[in-house]
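Worksheet: one structure, shown below.
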């Protein structure tokens, strides 16, 4: 999850069209393998403003462990969450990691205080942060390293180049990008295979529709951040609230179920520091939206 104050091959993802009824629980990611499409975002297990220690570290550790107990095998974090603290909590909770569990992290932001995010894409900085993530996560190879933001003050090719170097050195298995355009995805693809892209996307914000379509065409996992943000649609009497009532579900669960049906490459990673909210979110994988409900939400969010 990003800050929110809030040539085809055997590893390509299924590339059926947007709006497909395909609700496969898993996706095959290039250079990474198969993971559950509904994962866990570890931004909210730190302090307010995504800064400092959580109010209850033991509770944060418990949430991470419970996510894996519930079948989550893809956890997304970043060096900037805390900073450092999210990665450290994940290692405390889960190391040594069970077979099949994938931990994704991100580099490319520095932090100057609560809710403050400054892109830094100098190659030496990106390399340093990746090396530190290896230590904090207690791994020899990062499963998935994502560029949190392309720094506009640094040549993008230099940023892409150092990511490829880290992969060539065996320090990273798969590479991804966050909050990018199709043109930027294409540019990055000249340097490395793009496994995932992480852009803001939800019922009420579909500004990255073109990136989603490109991801489907190329078999790239699309990780929507702010996945359950629905604004007025979730208010009492709103279309999301009405759908939730019919399905005996919560509005958050329906928003996640809509994303999972929206595209076979969609990989929501709802984040929380609460055990009850975690269990609620993961249960969304079991909700099937009928055609009328899906179409209604589709229209309401446009």
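Numbering (the UniProt record's numbering), first residue to last: 1 to 302.
Note that CB positions come from ideal geometry on N, CA and C, so glycine has one too.
As the structure is a prediction and not an experimental result, all values here were calculated from the model.
Is residue i helix, strand or coil by DSSP?
i, result
"residue 116", "coil"
"residue 63", "helix"
"residue 109", "strand"
"residue 169", "coil"
"residue 48", "helix"
"residue 33", "strand"
"residue 136", "helix"
"residue 82", "strand"
"residue 21", "The predicted model places residue 21 with a pLDDT of 33, which falls under 50 and marks its position as unreliable; any figure quoted below should be read in that light. Coil at residue 21, not helix or strand."
"residue 283", "helix"
First and last residue of the alpha helix (DSSP H) that includes residue i?
i, result
"residue 238", "Careful: residue 238 lies outside any alpha helix (DSSP H) and carries neither H nor E."
"residue 256", "251-262"
"residue 287", "Premise fails: residue 287 is in no alpha helix (DSSP H) and is neither H nor E."
"residue 98", "Careful: residue 98 lies outside any alpha helix (DSSP H) and carries neither H nor E."
"residue 319", "What is shown of the chain runs 1 to 302, which leaves residue 319 out entirely."
Taking the beta strand (DSSP E) that residue i falls in, what are its first and last residues?
i, result
"residue 215", "Per DSSP, residue 215 belongs to no beta strand (DSSP E); it is in the alpha helix (DSSP H), 209-218."
"residue 271", "Unbroken run through residue 271: none, as it is neither H nor E."
"residue 293", "Segment 291-300 is the alpha helix (DSSP H) holding residue 293; no beta strand (DSSP E) there."
"residue 29", "26-29"
Could you pull the DSSP bridge partners for residue i from this structure?
i, result
"residue 43", "Paired residues: none, contrary to the question."
"residue 75", "40 and 103"
"residue 177", "147 and 197"
"residue 225", "200"
"residue 205", "202"
"residue 142", "172"
Indicate whether at least one CB of chain C lies closer than 8 Å to the CB of residue i.
i, result
"residue 166", "The chain inventory of the structure shown lacks chain C, comprising one protein chain alone."
Compute the beta-carbon to beta-carbon distance between residue i and residue j, rounded to the nearest angstrom, for a pair I have assumed lies under 8 Å.
i, j, result
"residue 32", "residue 102", "6 Å"
"residue 247", "residue 254", "6 Å"
"residue 275", "residue 63", "6 Å"
"residue 175", "residue 185", "Residue 175 to residue 185, Cβ: 12 Å. No contact."
"residue 115", "residue 46", "In fact, because the Cβ distance is near 12 Å, the residues do not count as touching under 8 Å."
"residue 281", "residue 293", "Incorrect: roughly 19 Å between the Cβ atoms, too far for contact."
"residue 79", "residue 133", "5 Å"
"residue 289", "residue 257", "5 Å"
"residue 97", "residue 42", "Not a contact, Cβ separation roughly 14 Å."
"residue 172", "residue 141", "7 Å"
"residue 53", "residue 85", "6 Å"
"residue 119", "residue 109", "6 Å"
"residue 278", "residue 65", "Wrong, their Cβ atoms sit about 10 Å apart, outside the cutoff."
Leaving out five residues before and five after residue i in sequence, what residues of the same chain have Cβ atoms less than 6 Å from its Cβ?
i, result
"residue 201", "208 and 224"
"residue 160", "188 and 191"
"residue 199", "179, 208 and 211"
"residue 126", "107 and 162"
"residue 265", "13, 215, 216, 221 and 222"
"residue 229", "202"
"residue 44", "271, 272 and 273"
"residue 301", "203 and 204"
"residue 285", "38"
Could you pull out every residue in the same chain whose Cβ sits closer than 7 Å to the Cβ of residue i, ignoring the five residues on either side in sequence?
i, result
"residue 61", "89, 92 and 93"
"residue 150", "121, 156, 159, 180 and 184"
"residue 36", "25, 26, 71, 72, 73 and 74"
"residue 100", "73"
Using C-beta distances below 8 Å, list every residue in its chain close to residue i, excluding the 5 sequence neighbours before and after it, in chain order.
i, result
"residue 195", "29, 30, 31, 32, 144, 174, 175, 176, 220 and 221"
"residue 182", "210, 211 and 214"
"residue 137", "87, 90, 91, 95, 103 and 105"
"residue 297", "203, 233, 239, 240, 243, 254, 258 and 289"
Please tell me whether, using a cut-off of 7 Å, the distance from the CB of residue i to the nearest non-hydrogen atom of the ligand GTP is below it.
i, result
"residue 149", "Here there are no bound small molecules, and the ligand GTP is not part of this structure."
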